[in-house]
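Read through the structure below, which is laid out as structure tokens, and then see the notes.
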Amino acid sequence: MNRTYAYQCLHTANCRIELELKAHLKLSCTDMADATHGKAIARLEARVSPETKALLQKAADLEGRTLTDFIISSVQAEALRVIQKHQILKLSLEDSEAFVHALLNPPKPNDALRAAAIRYKQVMKD
Numbered sequence: 060m061n062r063t064y065a066y067q068c069l070h071t072a073n074c075r076i077e078l079e080l081k082a083h084l085k086l087s088c089t090d091m092a093d094a095t096h097g098k099a100i101a102r103l104e105a106r107v108s109p110e111t112k113a114l115l116q117k118a119a120d121l122e123g124r125t126l127t128d129f130i131i132s133s134v135q136a137e138a139l140r141v142i143q144k145h146q147i148l149k150l151s152l153e154d155s156e157a158f159v160h161a162l163l164n165p166p167k168p169n170d171a172l173r174a175a176a177i178r179y180k181q182v183m184k185d
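Numbers 60 to 185, taken from my numbering, label the letters of the sequence shown in order.
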């Protein structure tokens with residue numbers, strides 16, 4: 060028999076997480092109005108296996124935090140890390156030197172670049 064057990068976690072000021080224990084993870088996010096403050100808040104639901112919930116709860120307990128707090132801060136930190144990873148360009152020493160050299164010693168404009176500059180100026184006038 061396949062049963063689903065729903066658990067409602069503690070509320071934080073900005074988010075409520077509901078966990079339904081299943082064999083897989085499913086996340087969804089919806090906006091809803093906060094009845095007490097009249098502000099829009101985001102609602103996040105996650106379905107995890109009982110083992111995953113126990114793991115998350117143990118980690119939250121070790122940190123002395125609620126499960127909701129632990130999940131929100133962990134996911135937020137990971138999201139920031141991923142965004143930063145995709146927004147920062149890391150170059151090797153050799154590539155960094157080549158980049159700086161190209162900035163400090165740009166080549167003379169060729170015909171294609173001159174034509175592109177003329178087209179750009181015409182488009183920007185219109």
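For every residue, glycine included, the Cβ atom is placed at its ideal position computed from N, Cα and C.
Rounded separation between residue i and residue j - CA only
i: Leu162; j: Leu126; result: 50 Å
i: Ser108; j: Arg140; result: 25 Å
i: Ala119; j: Glu153; result: 44 Å
i: Leu114; j: Gln135; result: 18 Å
i: Ser155; j: Leu148; result: 10 Å
i: Asp185; j: Tyr179; result: 10 Å
i: Ala174; j: Gln143; result: 36 Å
i: Asp128; j: Ala176; result: 53 Å
Backbone secondary structure at residue i - three-state DSSP
i: Lys167; result: coil
i: Ser151; result: coil
i: Thr125; result: coil
i: Asp185; result: coil
i: Ser133; result: helix
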